[in-house]
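Novice: This structure is in structure tokens; I'll ask about it shortly.
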Amino acid sequence: MPATPAWPQRSLPRLFIRSPLSEGARIELDGGQANYLRNVIRLREGAELLVFDGKSGEWLARVAEIAKKRMTLIIEEHMREPETIPDVWLAFAPLKRAQTDWLVEKATELGAERLLPVITQRTVSERVKLERLEAIAIEAAEQCGRTRLPEISEPMRLNQLLRHREASRALYFADEGGGEWAPDAFTPGPSVILVGPEGGFTHEERAAIRSAPNSVPISLGPRILRAETAALAALAAYMAVAGDWRTY
Ligand code: SAM
Numbered sequence: 006m007p008a009t010p011a012w013p014q015r016s017l018p019r020l021f022i023r024s025p026l027s028e029g030a031r032i033e034l035d036g037g038q039a040n041y042l043r044n045v046i047r048l049r050e051g052a053e054l055l056v057f058d059g060k061s062g063e064w065l066a067r068v069a070e071i072a073k074k075r076m077t078l079i080i081e082e083h084m085r086e087p088e089t090i091p092d093v094w095l096a097f098a099p100l101k102r103a104q105t106d107w108l109v110e111k112a113t114e115l116g117a118e119r120l121l122p123v124i125t126q127r128t129v130s131e132r133v134k135l136e137r138l139e140a141i142a143i144e145a146a147e148q149c150g151r152t153r154l155p156e157i158s159e160p161m162r163l164n165q166l167l168r169h170r171e172a173s174r175a176l177y178f179a180d181e182g183g184g185e186w187a188p189d190a191f192t193p194g195p196s197v198i199l200v201g202p203e204g205g206f207t208h209e210e211r212a213a214i215r216s217a218p219n220s221v222p223i224s225l226g227p228r229i230l231r232a233e234t235a236a237l238a239a240l241a242a243y244m245a246v247a248g249d250w251r252t253y
């Protein structure tokens, strides 16, 4: 039976650490992380946990010291190399807060390499709090066993995305007006999946996206999906046929 790297899980807590990790390093945790480990999951001196820095894979660490508002970890052993993330980006029009949060959490679990908020003519919310989205992605990565975080880009206008994307990066455009059946359309290689806002793309936008080089309109079935459902359905279909679901 295929296994995933995170399953069966060791029942150790996982924590993202901003500073670079190496064997023997002493890591002083900030107040928030120390409080979480001490008071929420109640780690005591000597307890083990898994840590990752987004670059060097995963490490076994041990709690060396607990003070009132700090905690010191010692990095003991390299457990896993960083995984290879498929080079697929998810470009989405920012939605209401709860839906955007959900989308970021799930896209991180599914393995998107980069998340790009894209402002379209019918985008309802142009305010994107990158720090908040990054915090959500970190929590999702801690939970799902990722050793690399998705990159979260500054919001950009749709025409910027169309102008600046290298033509070699396939643009899979979720078009509720119809397109190629998504699982047949996806092929491995640099890709971006583009999903519209709740109100959909305007006629002009659809025409501009369809005429961009290497643009492939895709259909996600006969029903109109909510924007966040469409984004996750497209990403899951991509991972199944062209991403990393087959490699484990
Ligand atoms: N207001 C639009 C309408 O009634 O036609 C629906 C927009 S839909 C809620 C939001 C986005 O999800 C769309 O712009 C598209 O990118 C994507 N989407 C939803 N259902 C889809 C489907 N069946 N096939 C392809 N894309 C879909």
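In case it helps, this note's numbering puts the sequence shown at residues 6 to 253. Where is the CB? At the ideal position from N, CA and C, for every residue including glycine. Model, not experiment: these values are computed from the prediction.
Is the segment 235-242 touching the segment 113-120, taking contact as three or more C-beta pairs under 8 Å?
Specialist: The segment 235-242, when compared against the segment 113-120, does touch it at the 8 Å Cβ threshold.
Novice: Do we get a CB-CB distance below 8 Å when we pair glutamate 210 with the residues of chain C?
Specialist: Reference to chain C is not applicable here, since this structure consists of a single protein chain.
Novice: State whether the segment 143-154 contacts the segment 70-90, with contact taken as three or more CB pairs (one from each stretch) at a distance under 8 Å.
Specialist: The segment 143-154 vs the segment 70-90: in contact.
Novice: Please name the residue in Ala172, Phe191, Gly194 and Asp249 whose C-alpha comes closest to that of serine 216.
Specialist: Position 211 of the sequence shown, counted from the first residue, corresponds to residue 216. Of Ala172, Phe191, Gly194 and Asp249, the residue nearest in Cα terms is Ala172.
Novice: Comparing alpha-carbon positions, which option in Leu42, Val45, Val68 and Arg49 lies nearest isoleucine 32?
Specialist: Reading the sequence shown from its first residue, position 27 is the one you call residue 32. The candidate whose alpha carbon is nearest that of isoleucine 32 is Val68.
Novice: Which partner residues of threonine 77 appear in the DSSP bridge assignment?
Specialist: Within the sequence shown, numbered from 1, the residue matching residue 77 stands at position 72. Paired residues: Glu33 and Glu70.
Novice: Can you tell me the Cα-Cα spacing of alanine 142 and glycine 59, whole angstroms?
Specialist: Walking along the sequence shown from the start, residue 142 turns up at place 137. Walking along the sequence shown from the start, residue 59 turns up at place 54. Looking at the two C-alpha atoms, the distance is approximately 12 Å.
Novice: May I have the straight-line CA-CA distance separating threonine 193 from glutamate 185, to the nearest angstrom?
Specialist: Numbered from 1 along the sequence shown, position 188 holds the residue referred to as residue 193. Numbered from 1 along the sequence shown, position 180 holds the residue referred to as residue 185. Contrary to the premise, residue 193 reads as proline rather than threonine in this sequence. When rounded, the distance between both Cα atoms is 16 Å.
Novice: If you follow the alpha helix (DSSP H) that leucine 135 is part of, which residue opens it and which one closes it?
Specialist: Here residue 135 refers to the residue found at position 130 of the sequence shown. Run containing leucine 135: 135-149, per the alpha helix (DSSP H) assignment.
Novice: Does the separation of the CB atoms of phenylalanine 57 and phenylalanine 97 fall below 8 Å?
Specialist: Looking up residue 57 in the sequence shown gives position 52. Looking up residue 97 in the sequence shown gives position 92. Against a cut-off of 8 Å, the Cβ pair of phenylalanine 97 and phenylalanine 57 comes out as no contact.
Novice: Return yes when the C-beta of aspartate 106 is under 7 Å from any heavy atom of the ligand SAM, and no when it is not.
Specialist: Walking along the sequence shown from the start, residue 106 turns up at place 101. No, Cβ of aspartate 106 sits at least 7 Å from all heavy atoms of the ligand SAM.
Novice: Would you kindly check if the distance between the Cβ of leucine 225 and the Cβ of alanine 190 is under 8 Å?
Specialist: Position 185 of the sequence shown, counted from the first residue, corresponds to residue 190. Position 220 of the sequence shown, counted from the first residue, corresponds to residue 225. No. Outside cutoff.
Novice: Is it true that the CB of alanine 179 sits closer than 8 Å to the CB of valine 221?
Specialist: Stepping through the sequence shown from its first residue, residue 221 is reached at position 216. Stepping through the sequence shown from its first residue, residue 179 is reached at position 174. No, Cβ-Cβ distance for valine 221 and alanine 179 is not below 8 Å.
Novice: Tell me whether glutamate 185 sits in a helix, a strand or coil according to DSSP, three-state version.
Specialist: By one-based count along the sequence shown, residue 185 stands at place 180. Of the three classes helix, strand and coil, the one that applies to glutamate 185 here is strand, per DSSP.
Novice: Going by DSSP, what residues sit across from isoleucine 223 in a beta bridge?
Specialist: Against the sequence shown, residue 223 aligns to sequence position 218. Answer by DSSP bridge pairing, in chain order: Ala179 and Glu185.
Novice: Are there any heavy atoms of the ligand NAD lying less than 7 Å away from the beta-carbon of glutamate 203, as far as the coordinates show?
Specialist: Ligands displayed in this structure: the ligand SAM; the ligand NAD is not among them.
Novice: Using a Cβ-Cβ cut-off of 6 Å (strictly less than) and excluding sequence neighbours within five positions of tryptophan 250, which residues of its own chain qualify?
Specialist: Along the sequence shown, read from residue 1 onward, the residue named residue 250 stands at position 245. The answer, listed in chain order, is Met244.
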